[in-house]
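**Q**
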Amino acid sequence: MLGLPLRCRPGLSALVVLTSQLATIAALASDIGPGVRYAAGQAAQRVELAQAQDDHAAHHPGASGPVGDAAPQPGGSAGPGDRHAVGAPSGGAVPGMMDGMGGMMGRPRKELYPALMDMPVLSAEQRSNLEVQARERITAEGDRLTRAGTDLRHAIAGGDVAAADAASRRLRESLNALQSDVVTLRSLREGKPARQIAQAWFKSQMNISSQRDATDSDDGGLGVSWFHATTMALLVLFASAMLAVYVARMRRANALVDRLTRAAAAPAVAVPLASAPAVGSLAGPAEAMSSQEANARPPRAEANRSWKGKLRICAIYQETPNVKTFRLQSPGGGAMPFAFLPGQFLTYAIEIDGKAVRRSYTIASSAAQTAFVETTIKREDGGLLSDYMHGHLKQGDLIEVAGPSGVFTFTGAEADSVVLIGGGVGITPLMAAIRYLSDIAWPGQIYLVYGAQTTEQFIFRDELEYLQRRMNNLHVAATMVRAAGTSWMGSEGQITAEFLTQAVPDLARRRVHLCGPPGMMDALRRTLIGLGVPREQIRTEAFGPARGAVPPPGEIAAGAQRPEGEAGNRGAAVVGPATATIRFARSGKVAALPPDKSVLEVAEGAGVSIDYSCRAGVCGVCKTHLLQGNVTMEVQDALTADDKASGLILACQAKSVGDLVVEA
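So for the sequence shown, my numbering puts the first residue at 2; every next one is plus one.
1) Report back the beta-carbon spacing between Lys656 and Val632 to the nearest angstrom; my notes put them in contact at under 8 Å.
2) Measure the alpha-carbon distance for Lys356 versus Gly618 and round it to whole angstroms.
3) Whole-angstrom Cβ separation of Leu312 and Pro332, contact assumed at under 8 Å?
4) Would you list the residues sitting across from Gln197 in a DSSP beta bridge?
5) Return yes when the Cβ of Tyr349 is within less than 8 Å of the Cβ of Ile400, no when it is not.
6) Pull up the distance between the alpha-carbon of Leu238 and that of Asn255, whole angstroms please.
7) What span of residues does the alpha helix (DSSP H) with Ala163 cover, start to end?
8) Locate the alpha helix (DSSP H) running through Ser129, then write down its first and last residues.
9) Closer than 8 Å is the cut-off here; do at least three beta carbon pairs connect the region 386-403 with the region 493-505?
10) Short check: CB of Thr377 to CB of Glu466, under 8 Å?
11) In chain order, what residues of the same chain lie with their CB nearer than 7 Å to the CB of Asp214, ignoring the 5 residues before and after it?
12) Among the residues of its own chain, which have a CB less than 7 Å from the CB of Leu594, if the five just before and after it don't count?
13) Starting from Ser406 and walking both ways along the beta strand (DSSP E), at which residues does that stretch end?
14) Which residues bound the alpha helix (DSSP H) around Ile670?
15) Can you give me the start and stop residues for the beta strand (DSSP E) that Leu312 sits inside?
16) Decide if Asp638 is buried, meaning its Cβ has at least 16 other Cβ atoms within 10 Å, or exposed.
17) Spell out the partners DSSP gives Val632 in its beta bridges.
18) What three-state label does DSSP hand Ala604 in the structure shown?
19) Excluding sequence positions up to five away, which residues of its chain have a Cβ less than 6 Å from the Cβ of Ala135?
20) State buried or exposed for Lys395, treating a residue as buried only when at least 16 other CB atoms are found within 10 Å of its CB.
21) Among Met472, Asn473, Phe500, whose alpha-carbon lies nearest the alpha-carbon of Ala479?
22) Identify whether Gln345 lies in helix, strand or coil by the three-state DSSP scheme.
23) Which residues mark the beginning and the end of the alpha helix (DSSP H) in which Tyr451 is found?
24) Does Ile460 come out as helix, strand or coil in the three-state DSSP assignment?
25) Just to confirm the assignment, what range does the alpha helix (DSSP H) spanning Ser361 have?
26) Alpha carbon to alpha carbon, how far is Leu640 from Phe346?
27) So, is Ser610 buried or exposed, given that buried needs 16 or more other C-beta atoms within 10 angstroms?
28) Given a cut-off of 8 Å on the beta-carbon distance, is the pair Glu464 and Arg587 in contact?
29) Measure the Cβ-Cβ separation of Ser307 and Ser418 and say whether it is below 8 Å.
30) Decide yes or no for the touch test of the region 431-440 against the region 522-533: beta carbon pairs closer than 8 Å, at least 3 of them.
31) Going by DSSP, which residues form a beta bridge with Phe373?
32) Between the C-alpha atoms of Met251 and Leu244, what's the straight-line distance to the nearest angstrom?
33) Bridge partners for Arg328 per DSSP, in chain order?
34) Would the beta-carbon of Arg510 fall within 8 Å of that of Val420?
35) Among residues of its own chain, excluding the 5 on either side of Pro194, which ones have a beta-carbon nearer than 6 Å to its beta-carbon?
36) Start and end of the beta strand (DSSP E) containing Glu598?
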């Protein structure tokens with residue numbers, strides 16, 4: 002719309018100004034459109050008529066208003082209304098401008114604007130007559146609008162473009178006339194003065210309106226329309242939703258970072274007793290972590306929480322001829338459903354020939370990796386579960402898993418440097434620590450001392466060479482016999498005291514983690530102590546064949562534990578015949594107790610009922626009182642300090658080479 006500064010006032014000078022402004026409108030009409038051209042032309046005719054009336058009034062000073070008796074009608078004839086002056090008595094018709102409004106087919110109503118501009122006040126009767134005449138014109142224009150619409154439809158149906166154009170022009174003229182009369186009715190209803198009625202009518206003809214008029218019927222308060230208010234509200238809601246999504250994502254990210262941070266700073270052991278070594282350790286009571294040291298460390302939180310469910314095998318890697326790595330992930334994808342610490346293990350449960358078989362395997366992947374976990378398993382001769390996994394499991398299979406468990410861990414918070422000594426498949430928990438320390442950019446010095454039988458059995462060789470190039474703080478020393486078809490420029494033979502001192506400077510002041518077959522473990526532990534390494538700085542975990550542990554004489558204690566199981570599991574090497582018996586006090590039964598059978602397994606064979614669930618030492622359902630004798634347990638995470646003090650054992654884990662009496 003054109004917002005021209007238009008002030009209409011009587012007099013020739015004012016009309017000259019108005020004529021100039023309308024000429025500007027007419028000049029722009031070709032660019033604005035036919036509707037504006039029509040309105041501008043109509044307004045120009047009104048101005049010419051008003052100017053002629055002013056000239057006529059100048060020649061007849063006695064006239065009482067701007068409309069004289071001789072005022073011509075646009076159609077070339079004079080109407081009866083033109084013989085009435087504006088100041089005519091109220092009992093008659095409305096003054097000349099009123100009669101001019103009554104002409105429906107000609108142009109008399111074009112005198113409305115100049116006539117109303119000079120009328121100071123409209124009486125009630127004049128307003129009533131104006132309203133009646135406006136309604137009559139609305140009815141007549143409605144009829145014209147209907148006829149024009151009918152003609153337009155016929156012209157379009159007949160393909161007469163010229164007739165359609167003429168009909169559309171008549172439609173626009175009728176709509177403009179209707180708008181003028183509706184504006185007049187509205188102004189009369191609102192009691193506006195004559196001048197304001199004329200201005201409103203003129204604005205409707207010129208399509209000029211103030212911002213206030215355009216929003217009167219759609220005002221939502223404070224000059225804002227409901228459309229704008231609704232749009233603004235929707236934008237605010239959308240912005241709030243996006244902010245909420247952003248906050249939720251940041252919270253999830255912070256939770257993940259916090260979990261990994263806590264895992265890095267968490268202690269490597271549960272709270273141990275001074276009289277009982279940590280689970281998975283061959284160290285005696287003097288080597289166990291003191292209660293004061295354990296209490297000084299923060300809790301492990303999520304990394305110490307046990308989980309049980311199914312995981313999917315997403316990849317299988319051949320590390321050596323008899324060692325495979327099984328990568329597991331959540332069946333639905335996404336992050337793993339549990340957190341763990343470097344060196345902890347999982348317990349697998351697989352049904353073989355109708356019997357559930359459970360074994361524990363160390364997690365070899367980094368604890369900072371949340372998309373999957375990996376266990377590296379050696380295929381042992383006669384190993385029931387390891388043989389089945391190597392020969393039958395394939396990518397996509399689901400496997401039941403419980404854990405994580407175990408305390409043979411190192412996160413970097415325990416010391417400023419570490420020596421990792423491993424033999425054979427015992428390298429898996431050490432590799433888990435190296436991978437994790439690499440992921441968190443741990444600045445301490447890492448020394449890996451590794452021994453294998455041959456170079457063909459060197460597990461993770463390629464990756465260790467890669468990590469050694471990437472990590473300036475990783476130092477690897479290995480010794481083994483070169484196998485045919487392989488290259489080896491390193492040391493050969495066993496890990497000796499001389500080899501250790503050459504590989505690790507200042508060995509006596511560093512923390513040591515030792516993992517491997519039981520025979521190697523015992524020999525190296527004595528060697529380390531002889532080199533000046535304090536007993537309390539040595540952490541051990543045994544890996545060996547899938548047979549029960551038979552501890553040497555003098556090292557059996559109630560509640561003490563020696564790890565057992567298959568390769569990649571905890572285990573000892575020596576197996577002997579059943580030289581002991583077990584008596585079940587409540588049932589009154591006695592049975593032979595082989596060294597490779599747990600109390601629970603012997604009880605099942607003898608028909609003695611002992612409740613159990615996980616058979617992995619983590620649920621605690623199989624707790625049983627040991628009345629006489631001493632046992633070893635692979636896992637005793639489910640036993641509290643009070644349980645141990647009360648003589649409780651885990652029947653699924655307890656094994657012995659001596660006679661036992663249990664309450665069952």
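For each residue, glycine too, the CB sits at the ideal point set by N, CA and C.
**A** Working from what's here:
1) Within the sequence shown, the letter at position 655 stands for residue 656. Within the sequence shown, the letter at position 631 stands for residue 632. That belief holds up - the Cβ atoms of Lys656 and Val632 are roughly 6 Å apart, short of 8 Å.
2) Within the sequence shown, residue 356 is the residue found at index 355, counting from 1. Within the sequence shown, residue 618 is the residue found at index 617, counting from 1. Using only the alpha carbons, I get a separation of about 18 Å.
3) On the sequence shown, residue 312 is found 311 positions in, with the first residue counted as 1. On the sequence shown, residue 332 is found 331 positions in, with the first residue counted as 1. About 7 Å; that satisfies the 8 Å criterion.
4) In the sequence shown, counting from the first residue as 1, residue 197 sits at position 196. None, per the DSSP bridge assignment.
5) Taking the sequence shown and counting its residues from 1, the one referred to as residue 400 is at position 399. Taking the sequence shown and counting its residues from 1, the one referred to as residue 349 is at position 348. Yes.
6) Counted from its first residue, the sequence shown places residue 238 at position 237. Counted from its first residue, the sequence shown places residue 255 at position 254. Their Cα atoms are separated by approximately 26 Å.
7) On the sequence shown, position 162 is the one that residue 163 refers to. Looking at the DSSP string, the run of the alpha helix (DSSP H) that includes Ala163 is 162-190.
8) By one-based count along the sequence shown, residue 129 stands at place 128. It spans 125-159 - the alpha helix (DSSP H) in which Ser129 sits, taken as one unbroken run.
9) no
10) Start at 1 with the first residue of the sequence shown, and residue 377 comes out as number 376. Start at 1 with the first residue of the sequence shown, and residue 466 comes out as number 465. No, they are not a contact pair.
11) Start at 1 with the first residue of the sequence shown, and residue 214 comes out as number 213. Note that Asp214 has pLDDT 46, beneath the 50 cutoff, so the model's placement of it is unreliable and no number is given.
12) Here residue 594 refers to the residue found at position 593 of the sequence shown. Ala579, Ala581, Thr582, Ile583, Val603, Ser657, Leu661.
13) Taking the sequence shown and counting its residues from 1, one reaches residue 406 at position 405. Its beta strand (DSSP E) spans residues 399-406.
14) The shown model of the chain, from 2 to 665, leaves out residue 670, and the question about it has no answer.
15) As a working mapping, residue 312 is identified with position 311 in the sequence shown. Element bounds for Leu312: 308-321.
16) The count along the sequence shown starts at 1 and reaches residue 638 at position 637. When all chains shown are included, Asp638 counts as buried.
17) Taking the first residue of the sequence shown as position 1, residue 632 is located at position 631. BP columns for Val632 are empty, so no partner.
18) Stepping through the sequence shown from its first residue, residue 604 is reached at position 603. Residue state, collapsed to three classes: helix.
19) Position 134 of the sequence shown, counted from the first residue, corresponds to residue 135. Contacts found: Asp182, Thr185, Leu186.
20) By 1-based counting over the sequence shown, the position of residue 395 is 394. Lys395 is exposed by the Cβ-count criterion.
21) On the sequence shown, residue 479 is found 478 positions in, with the first residue counted as 1. Nearest C-alpha to Ala479: Phe500.
22) As a position in the sequence shown, residue 345 is number 344, starting the count at 1. Gln345 falls in the coil class under three-state DSSP.
23) The residue you call residue 451 lines up with position 450 of the sequence shown. Taken as a continuous stretch (DSSP letters only), Tyr451 belongs to no alpha helix (DSSP H), being part of the beta strand (DSSP E) at 446-455.
24) For this step, residue 460 is matched to residue 459 along the sequence shown. Coil at Ile460, not helix or strand.
25) Counting from one through the sequence shown, the residue named residue 361 turns up at place 360. Looking at the DSSP string, Ser361 is not in any alpha helix (DSSP H); the run it does join, the beta strand (DSSP E), is 356-363.
26) Here residue 640 refers to the residue found at position 639 when the sequence shown is read from its first residue. Here residue 346 refers to the residue found at position 345 when the sequence shown is read from its first residue. Going from the Cα of Leu640 to the Cα of Phe346 covers about 18 Å.
27) Mapped onto the sequence shown, residue 610 falls at position 609. Looking at its Cβ environment, which holds fewer than 16 other Cβ atoms inside 10 Å, Ser610 is exposed.
28) Working through the sequence shown from its first residue, we reach residue 464 at position 463. Working through the sequence shown from its first residue, we reach residue 587 at position 586. Taking 8 Å as the Cβ cut-off, Glu464 and Arg587 do not qualify as a contacting pair.
29) By 1-based counting over the sequence shown, the position of residue 307 is 306. By 1-based counting over the sequence shown, the position of residue 418 is 417. Taking 8 Å as the Cβ cut-off, Ser307 and Ser418 do not qualify as a contacting pair.
30) Because the criterion of three Cβ pairs below 8 Å is not met, the region 431-440 and the region 522-533 do not touch.
31) For this step, residue 373 is matched to residue 372 along the sequence shown. Phe373 is not bridged to any residue.
32) Here residue 251 refers to the residue found at position 250 of the sequence shown. Here residue 244 refers to the residue found at position 243 of the sequence shown. Roughly 11 Å separates the two Cα atoms.
33) What you label residue 328 is simply residue 327 of the sequence shown in a count that begins at 1. BP columns for Arg328 point to Ala316, Glu375.
34) As a position in the sequence shown, residue 510 is number 509, starting the count at 1. As a position in the sequence shown, residue 420 is number 419, starting the count at 1. Against a cut-off of 8 Å, the Cβ pair of Val420 and Arg510 comes out as no contact.
35) By 1-based counting over the sequence shown, the position of residue 194 is 193. None.
36) Numbered from 1 along the sequence shown, position 597 holds the residue referred to as residue 598. According to the sequence shown, residue 598 is Lys rather than Glu. Run containing Lys598: none; DSSP gives neither H nor E here.
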